[in-house]
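Residue numbers (the UniProt record's numbering): 1 to 256.
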């Protein structure tokens, strides 16, 4: 597995043919279970800086991998429970990034009334703050909160730096009175402890032809499922363009 921290260049694992990669770490796992646990637990941080992870496949060169996508759980507030639908969840997920899955266990509860969506976010783009939705002919906004949100810029909304080191703000050359983003995007932590795996297998099985060692400790799969996501230089802000929410199946209050 290959990892990159946008803020601090990190050295490579020495087993990569002795070649240094200034842009990231190379991690080897001795069992696929451990690697999958790490990937499932993303996003991870180091000193409050986001670590972007990528599962290397057989024959891939880490130096050619663009580390720009990372998964987040996003909490979505102010959705009327009677208008929730799986289609709406997918639409909101694809607005945020690339939809992966959703969780409605907190939807309709008094003290925690929100839906959770897991999405792949492109770190080159600003974080989405809200989305306009039309419910029954009336428009309102749903608001987003990101779980385990690390350092981000209050001026440009991008991950990996703060407003004091924002290139866009520095290029503007004037003092900004108001920022477009704030800490309201950061959700309360929901993280629970996880047990570590004690499984080990013999080193040297399924050796990767490029890296010279086994990446996962288990059999390597052929499917890759790469993302093709290249943003335009100037992106239109679509937060105020309304999605249409159709009335869905009624959910009793507090239903999981």
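From the three backbone atoms N, C-alpha and C, an ideal C-beta is built for every residue, glycine too.
Subject >> Per DSSP, the bridge partner or partners of residue 71 >> reply: Taking the first residue of the chain shown as 1, we reach residue 71 at position 71. 120.
Subject >> Selected residue, minimal CA-CA separation from residue 27, among 98, 180, 54 >> reply: In the chain shown, residue 27 corresponds to position 27, counting from 1. When C-alpha distances from residue 27 are compared across 98, 180, 54, the shortest belongs to 54.
**OP:** Determine the burial state of residue 84: buried for a count of at least 16 other Cβ atoms within 10 Å of its Cβ, exposed for fewer.
**Re:** Counting from one through the chain shown, the residue named residue 84 turns up at place 84. Residue 84 is buried by the Cβ-count criterion.
Subject >> Separation of residue 40 from residue 107, as counted between CA atoms >> reply: Numbered from 1 along the chain shown, position 107 holds the residue referred to as residue 107. Numbered from 1 along the chain shown, position 40 holds the residue referred to as residue 40. Going by the C-alpha atoms only, they are around 23 Å apart.
**OP:** Rank 133, 38, 82 by C-alpha distance to the C-alpha of residue 95 and give the top, closest one.
**Re:** Translated into the one-based positions of the chain shown, residue 95 becomes position 95. Looking at the Cα atoms, 133 is the closest of the given residues.
**OP:** Compare the C-alpha of residue 181 against each of 188, 38, 151 and name the closest.
**Re:** As a first step, residue 181 is located in the chain shown; it is residue number 181 there, counting from the start. Closest by alpha carbon: 151.
Subject >> Helix, strand or coil at residue 20 according to DSSP, with G and I counted as helix >> reply: Within the chain shown, the letter at position 20 stands for residue 20. Low local confidence applies: a pLDDT of 40 at residue 20 is under 50, so the model's placement there is unreliable, and no value is given.
Original post:
When the Cβ atoms of the region 116-125 are set against those of the region 72-82, are three or more pairs found closer than 8 Å?
Top reply: At 8 Å Cβ cutoff, the stretches touch.
**OP:** Measure how close the beta-carbons of residue 70 and residue 50 come, nearest whole angstrom, since I'm counting them as under 8 Å.
**Re:** Residue 70 sits at position 70 when you count from the first residue of the chain shown. Residue 50 sits at position 50 when you count from the first residue of the chain shown. Contact holds; Cβ gap of about 7 Å.
Subject >> Selection from 186, 139, 140 that minimises the alpha carbon distance to residue 154 >> reply: On the chain shown, residue 154 is found 154 positions in, with the first residue counted as 1. Looking at 186, 139, 140, the one whose alpha-carbon comes closest to that of residue 154 is 186.
Subject >> Neighbourhood of residue 126 by C-beta, 7 Å cutoff - its chain only, sequence neighbours within 5 removed >> reply: Position 126 of the chain shown, counted from the first residue, corresponds to residue 126. The beta carbon of residue 126 lies closer than 7 Å to those of 156, 157, 158 in the same chain, with the five residues before and after it left out.
Subject >> Spatial distance of residue 92 from residue 131 (CA atoms) >> reply: Walking along the chain shown from the start, residue 92 turns up at place 92. Walking along the chain shown from the start, residue 131 turns up at place 131. Approximately 8 Å, taken between the alpha carbons.
Subject >> Sequence-distant residues of its chain with Cβ nearer than 7 Å to residue 297 (five each side left out) >> reply: Here the chain comprises residues numbered 1 to 256, so residue 297 is not present and cannot be evaluated.
Subject >> Own chain, CB closer than 7 Å to residue 163, minus 5 neighbours either side, in chain order >> reply: Stepping through the chain shown from its first residue, residue 163 is reached at position 163. These residues qualify, in order along the chain: 153, 154, 155, 169, 179.
Original post:
With 16 as the cutoff for other CB atoms within 10 Å, does residue 128 come out buried or exposed?
Top reply: Translated into the one-based positions of the chain shown, residue 128 becomes position 128. Under the 10 Å beta carbon count, residue 128 is surrounded by 16 or more other beta carbons and is classified as buried.
**OP:** Under 6 Å Cβ to Cβ from residue 161, same chain only, skipping five residues before and after it: list those, please.
**Re:** Counting from 1 along the chain shown, the entry for residue 161 is found at position 161. 153, listed in sequence order.
Original post:
How many angstroms separate the CA atom of residue 44 from the CA atom of residue 243?
Top reply: Position 44 of the chain shown, counted from the first residue, corresponds to residue 44. Position 243 of the chain shown, counted from the first residue, corresponds to residue 243. Cα-Cα distance, rounded: 31 Å.
Original post:
Mapping DSSP to helix, strand and coil, what is residue 94?
Top reply: Taking the chain shown and counting its residues from 1, the one referred to as residue 94 is at position 94. In the three-state scheme derived from DSSP, where H, G and I count as helix and E and B as strand, residue 94 is classed as helix.
Subject >> Residues bridged to residue 31 (per DSSP) >> reply: The count along the chain shown starts at 1 and reaches residue 31 at position 31. Its beta-bridge partners do not exist; DSSP assigns none.
Original post:
From what residue to what residue does the beta strand (DSSP E) around residue 50 run?
Top reply: Taking the first residue of the chain shown as 1, we reach residue 50 at position 50. Per DSSP, residue 50 belongs to the beta strand (DSSP E) from 49-54.
Original post:
Nearest-angstrom Cα distance between residue 138 and residue 174?
Top reply: The residue you call residue 138 lines up with position 138 of the chain shown. The residue you call residue 174 lines up with position 174 of the chain shown. Rounded to whole angstroms, residue 138 to residue 174 spans 39 Å at the Cα level.
**OP:** Since I believe residue 140 is in contact with residue 78 (beta carbons under 8 Å), could you give me their beta-carbon distance rounded to a whole number of angstroms?
**Re:** Translated into positions along the chain shown, residue 78 becomes position 78. Translated into positions along the chain shown, residue 140 becomes position 140. Confirmed, Cβ separation roughly 7 Å.
Subject >> Distance, residue 124 Cα to residue 172 Cα >> reply: For this step, residue 172 is matched to residue 172 along the chain shown. For this step, residue 124 is matched to residue 124 along the chain shown. Rounded to the nearest angstrom, the two C-alpha atoms are 19 Å apart.
Original post:
Between the Cα of residue 176 and the Cα atoms of 114, 136, 166, which residue gives the shortest distance?
Top reply: To locate residue 176, count along the chain shown from 1; it is residue 176. Put simply, of 114, 136, 166 the residue whose alpha carbon is nearest the alpha carbon of residue 176 is 166.
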